[in-house]
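Take a look at the structure set out below.
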Amino acid sequence: MGAPMAGFLPRLRLLVAALWAGSLWAVGYLVAPTLFATLSDRVLAGSIAGSMFHSMALLSLGCGLAMLLLLWRATPGWDGKRRRTVLAIIVLMVMCTVVSHFGLQPMMAELRAAAGPSGVMESAMKSRFGMLHGVSSGIYLIQSLLAGWLVLKQT
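Quick note: the sequence shown uses my numbering, first residue 1453, plus one each step.
Written as C-alpha cells, this is what we have:
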C-alpha cells in the first residue's frame, strides 16, 4: 500500500466508526425521544421514528460492511488480538441490527397494522408490543455501547 493510502485508510476507518456510532446515538437518543416529546400524535411520532430506525438499520449494514473491508485493508500495524476484538465488535453490532430490524421490527409492524388507526398502545396488543419494544430498546442500547467501544478501538 502506498504512503498516501496508508494514512488515508485508517482515517477513513475512524470516520466510518464515528459515523456509525454518532448516527446510532443521534437517532436513538435525540431524534426519537424528541419526536415523542414534541408531536401530540403518538402514532405519527412512531411512524416517523420507525422510518428513521429503518434508515439507521440500512446505514448500520453499510457501515458494518465498510468496517469489515477497512479492518481487512487498513490495519497493518494491528496485532491479531486487536483485530479479533474489533471484528467481534463489528459482527455483534451487525447482529444487533439484523435481529432488531429483520426479526423484531416486522413483528412490531404486524401488531401496529392489526391495531388500526387508533394505534397499538390503545389496543389489546399493547403488552406484546411493549415487550417487543423493550427487547428492541435493549438491543439498541447494547449496540450503542458497542459503537462507543468500536470508536475507542480505532485509536
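We put the beta carbon where it would ideally sit given N, CA and C, even for glycine.
Handout entry: Stretch-stretch touch, CB-based, cutoff 8 Å, three pairs: the segment 1568-1588 with the segment 1509-1522
Key = no
Practice task
Starting from the Cα of leucine 1544, find the closest Cα among Gly1480, Gly1600 and Ser1475 and give me that residue.
Solution key: Gly1600
Exercise for the section: Please classify glycine 1568: does DSSP put it in a helix, a strand, or coil? Expected result: coil
Problem - Delimiting residues of the alpha helix (DSSP H) encompassing proline 1485 - result: 1484-1490
Practice task
Return helix, strand or coil for serine 1575, following the three-state DSSP convention.
Solution key: coil
Handout entry: DSSP three-state assignment for glycine 1529, whether helix, strand or coil
Key = coil
Practice task
Given a cut-off of 9 Å, decide if leucine 1461 and leucine 1522 are closer than it, judged by their beta-carbon atoms.
Solution key: yes
Handout entry: Buried versus exposed, by CB contacts within 10 Å (16 or more), serine 1512
Key = buried
Handout entry: Own chain partners of serine 1570 with C-beta closer than 6 Å, once the 5 adjacent residues on each side are dropped
Key = none
Practice task
Evaluate arginine 1534 with the Cβ neighbour count: other Cβ atoms within 10 Å of its Cβ, from every protein chain shown; 16 or more gives buried, anything less gives exposed.
Solution key: exposed
Practice task
Identify, in the order they occur along the chain, each residue of the same chain with its Cβ nearer than 7 Å to the Cβ of valine 1551, setting aside the five sequence neighbours on each side.
Solution key: Ile1591
Handout entry: alanine 1497 and phenylalanine 1488 closer than 9 Å at C-beta
Key = yes
Problem - Short Cβ contact (9 Å threshold) for leucine 1471 with threonine 1607 - result: no
Practice task
Could you check the C-alpha separation between alanine 1509 and glycine 1459 for me, to the nearest Å?
Solution key: 29 Å
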